[in-house]
Amino acid sequence: MLLNVRNLTVRYGSFIAVNSLNFSVNSEVYCLLGPNGAGKSSTLKAIMDMVPFEGNIEILGKSNKEKFVKNYVGYVPEQPALYEYMTPSEIISFVASLRGINDLNRINALVKAFSLEMFMNTPIASLSMGNRQKVSILLSLIHEPKLLILDEPFNALDVLSVKVLKELIQSHVKNGGGVLFSTHIMEVAEKICNRIGIMNKGIMVMETSSDNIREAGRSLEDVFLSVTGLDETIKDILKGLE
1 MLLNVRNLTV RYGSFIAVNS LNFSVNSEVY CLLGPNGAGK SSTLKAIMDM
51 VPFEGNIEIL GKSNKEKFVK NYVGYVPEQP ALYEYMTPSE IISFVASLRG
101 INDLNRINAL VKAFSLEMFM NTPIASLSMG NRQKVSILLS LIHEPKLLIL
151 DEPFNALDVL SVKVLKELIQ SHVKNGGGVL FSTHIMEVAE KICNRIGIMN
201 KGIMVMETSS DNIREAGRSL EDVFLSVTGL DETIKDILKG LE
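Mapping the sequence shown onto full-length UniProt numbering, position 182 (from 1) lands on 182, and the numbers just tick up by one.
Written as structure tokens, this is what we have:
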């Protein structure tokens, strides 16, 4: 098991963002879905030990609080966290040196895959949101981690980069890795996820598989709206517009 989350609770003061969450990720693509404020990002931050939490989180059988386990994880935050005064070339070299990566072949291949060649010497502060996201994704991949934790990774990406990232995710799983990611894009989740966890108000309200949804003859969007109660909200909104 690559990731095991048990009784995870995240609090911000008196507000409970994540409430007794349980799930696991093996060699698969696991997608966390939920409305804004459902607790998805807080869950991913807790897994990365970036926020205080209650419960137990294990990565490759070890506590996520043990620093060495981060060597096996690639993380993309919801908003790219990059040194804006540095260029992509500088920040990639910096991270590669920290991780002891000397082979530039993989790095160069990723730079080309995400069409970053002409931006490598441009300060991060001058890059578009899409190109910042590409750099953030590249940094999560250069050390060939066993587990990818991706928070809204498709945000601001162009069509080509979305396709490249989807292919990289699927290739990662074929090679024995695991992927946990959150997204608002139902079509992407439906196509590439093996299992899906739907959160609402900090609680896992449904856990299923893409196969089960297809066999039931339903779309992921319909299931999502139903279990979160948003289908009734939409009906009320439309009724008010009549």
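Cβ atoms here follow ideal geometry from the backbone N, Cα and C, with glycine treated the same way. Values in this document were obtained by computation on a predicted structure and should not be read as measured data.
Between residue i and residue j, which are expected to be in contact by the criterion C-beta below 8 angstroms, what is the C-beta distance as a whole number of angstroms?
| i | j | result |
| --- | --- | --- |
| SER136 | VAL76 | 5 angstroms |
| LEU180 | VAL25 | 5 angstroms |
| LEU182 | SER41 | Checking the sequence, you will find Ser at residue 182 rather than Leu. SER182 to SER41, Cβ: 7 angstroms. Contact. |
| PRO80 | PHE119 | The Cβ separation is near 13 angstroms, so there is no contact. |
Flag this pair as yes or no: are the beta carbons of residue i and residue j separated by less than 8 angstroms?
| i | j | result |
| --- | --- | --- |
| LEU220 | ALA189 | yes |
| ASN131 | LEU116 | yes |
| ILE57 | VAL18 | no |
| LYS191 | SER161 | no |
| ALA113 | VAL164 | yes |
| GLU78 | GLU152 | yes |
| LEU139 | GLY177 | no |
| ILE59 | TYR72 | yes |
| TYR12 | ARG195 | no |
| ARG214 | HIS143 | no |
| ILE198 | LEU21 | no |
| GLY61 | PRO145 | no |
| MET86 | ILE47 | no |
| SER171 | CYS193 | no |
| ASN155 | PRO35 | no |
| LEU104 | LEU141 | no |
Should residue i go down as buried or exposed, given a rule of 16 or more other Cβ atoms within 10 Å for buried?
| i | result |
| --- | --- |
| LEU8 | buried |
| MET204 | buried |
| TYR83 | exposed |
| GLY121 | In the sequence on display, residue 121 carries Asn and not Gly. Per the 10 Å Cβ criterion, exposed. |
| PRO52 | exposed |
| THR233 | exposed |
| residue 286 | The requested residue 286 is not part of the displayed model; the chain covers only 1 to 242. |
| ILE107 | buried |
| LEU3 | buried |
In terms of DSSP beta bridges, what is residue i paired with?
| i | result |
| --- | --- |
| CYS31 | PHE181 and ILE196 |
| GLU207 | GLY197 |
| SER24 | ASN4 |
| THR9 | GLU54 |
- Query: Whole alpha helix (DSSP H) runs in the segment 126-166 with 4 or more residues, listed along the chain?
  - Reply: 129-141
- Task: With a floor of 4 residues, list each alpha helix (DSSP H) that falls wholly inside the segment 48-129, ordered by position along the chain.
- Result: 88-98 and 104-113
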